[in-house]
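Peer 1: For the protein sequence lines, the chains are A and Z, in the order given. So the first sequence is numbered by the numbering used here: it starts at -19 and just counts up by one. So the second sequence is numbered by the numbering used here: it starts at -19 and just counts up by one. Even glycine gets a Cβ: it sits at the ideal position worked out from N, Cα and C. Since this is a predicted model, take the numbers as computed values, not measurements. Dumping the structure here so I can ask a few things about it.
Number of protein chains: 2
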Amino acid sequence: MDHHALLLLGLLKNQAQHGYQLNDFIEKNLARVTNLKKATAYALLERLRESGLVAVKLEQEGNRPPRKVYAITQSGETEFLNLLRTELSSAEPISSPESTALMFMSELEPDERMACLNIRLEKLNAHIANLENIPTHKSAVNFALERQVVLLKADRNWLMGVLER
Amino acid sequence: MDHHALLLLGLLKNQAQHGYQLNDFIEKNLARVTNLKKATAYALLERLRESGLVAVKLEQEGNRPPRKVYAITQSGETEFLNLLRTELSSAEPISSPESTALMFMSELEPDERMACLNIRLEKLNAHIANLENIPTHKSAVNFALERQVVLLKADRNWLMGVLER
DNA sequence: GGGCGCATGTAATGAGTTACATGATTGA
DNA sequence: TCAATCATGTAACTCATTACATGCGCCC
């Protein structure tokens, strides 16, 4: 949850926004860097408000659905920096889920195993190509994307090595 | 959850066991490859039983607490193979959580940013050293560990590159 | 007799997901 | 007029986590 809070606070720090706007931005620009879903974001915004990290103002244009415009508060800014520091300084062991399957690889017949791993390889390559096709982005997102590519490539190269054994 | 089920089914496929035994094995040998916790494992075993993927037999030695010995069923074996195939063939984009912070790096003062990233670097190195110190393991776990190391190193190298900018 | 190991869980809580609900406006 | 977009969410559900409960056996 922390990284989700960090994301919302970070976006709100640059500019006060309403939920739809945030979700829209995330979906269109950050889909590859986060997996925060809409319902989750709405709920989280509400929780952030309860904790006093953001403040809401209602806005209405004509007869359109009213907007809840969220702005970061003073304590929100502080919390943002704290979260940022801890997350930047942290290094969690990466991605157990995918690794679990690797432990049991040998339970499949060699040819089937190869087939699965080849599919995996294709997907990795597709992901990489996909990320590299994005025209270099606004600088902020770039680091995250860059890291993604680096990790995906390392994964792919390792996988290719495994396939040769 | 799928990878947790895969893990338990995989372990039970090799040998029928009771919950304590599974948890013990996981804690002692697989802590670095999975993050399945005890309470979760017990609950999951129960769910697997409800779905008919495993069967339970009660055992009692003397006056000691009775054991629920879980054995994989026929449909459990099938499900295991299905899960294994899908997970082996899958390639999810890696680890968004940590990447989120990277997007907002620039919100910190340069020296503080460097400090955080250096802490991160130390932790990565510690993780790597830790994994490499393990005497080469039973072959099954090895692939998972190997991949971990590869990814951690890629992450570290990338981070070192970033630190130079 | 006191603590550790064995062996099971439950309870409370919280985060996240998918699918659905609502209702107005705008553009083809 | 019909679909998409704007804008909010709720409901039902699943998974996971932490902390705690229970009670016997074994060894020092």
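I'd like to know if valine 129/Z contacts chain A, where contact means its C-beta is closer than 7 Å to some C-beta of that chain.
Peer 2: No, its Cβ sits nowhere closer than 7 Å to a Cβ of chain A.
Peer 1: Give, in chain order, every unbroken run of the beta strand (DSSP E) that is at least 3 residues long and sits entirely within the region 9 to 69 of chain A.
Peer 2: Those beta strand (DSSP E) runs which fall completely within the region 9 to 69 of chain A and span 3+ residues are 34 to 39, 47 to 52.
Peer 1: Select from Leu(-11)/Z, Lys(-7)/Z, Met85/Z the residue whose C-alpha is nearest the C-alpha of leucine 64/A.
Peer 2: That would be Met85/Z, whose Cα lies nearest to the Cα of leucine 64/A.
Peer 1: In three-state terms, what does DSSP make of glutamine 151/A?
Peer 2: Within the shown structure, residues of chain A are numbered from -19 to 145, placing residue 151/A beyond reach of any answer.
Peer 1: Alpha carbon to alpha carbon, how far is leucine -11/Z from isoleucine 52/Z?
Peer 2: Between leucine -11/Z and isoleucine 52/Z, the C-alpha separation is close to 7 Å.
Peer 1: For my contact list, leucine 68/A and alanine 81/Z are in at a C-beta cut-off of 8 Å; report their separation, rounded to the angstrom.
Peer 2: Correct: roughly 5 Å between the Cβ atoms.
Peer 1: Can the beta-carbon of leucine 10/Z be found closer than 7 Å to that of leucine 2/Z?
Peer 2: No, these two residues do not count as a Cβ contact at 7 Å.
Peer 1: Within 10 angstroms of its Cβ, does alanine 106/A collect 16 or more other Cβ (buried), or is it exposed?
Peer 2: With fewer than 16 Cβ atoms within 10 Å of its Cβ, alanine 106/A is classed as exposed.
Peer 1: Say whether chain A places a C-beta atom closer than 7 Å to the C-beta of leucine -9/Z.
Peer 2: Cβ-Cβ to chain A under 7 Å: no for leucine -9/Z.
Peer 1: Look at histidine -17/A and proline 77/Z and say whether their C-beta atoms are less than 7 Å apart.
Peer 2: Cβ atoms of histidine -17/A and proline 77/Z: closer than 7 Å.
Peer 1: Would leucine 38/Z and glycine 56/Z qualify as a contact pair, given that the criterion is a beta-carbon distance under 7 Å?
Peer 2: No, Cβ-Cβ distance for leucine 38/Z and glycine 56/Z is not below 7 Å.
Peer 1: In this structure, does DSSP put alanine 109/A in helix, strand or coil?
Peer 2: DSSP places alanine 109/A in helix when its eight states are reduced to three.
Peer 1: Taking Cβ-Cβ distances shorter than 7 Å, what residues in chain Z pair up with threonine 53/A?
Peer 2: Neighbours of threonine 53/A on chain Z: none; closest Cβ ~16 Å, over 7 Å.
Peer 1: Throw me the rounded Cβ distance for the valine 129/A and glutamate 112/A pair, which I believe falls under 8 Å.
Peer 2: Between glutamate 112/A and valine 129/A the Cβ distance is about 7 Å, and since that is below 8 Å, they are a contact.
Peer 1: In its own chain, which residues sit with a C-beta less than 7 Å from the C-beta of lysine -7/Z, not counting the 5 before and 5 after it?
Peer 2: Ile52, Glu57, Phe60.
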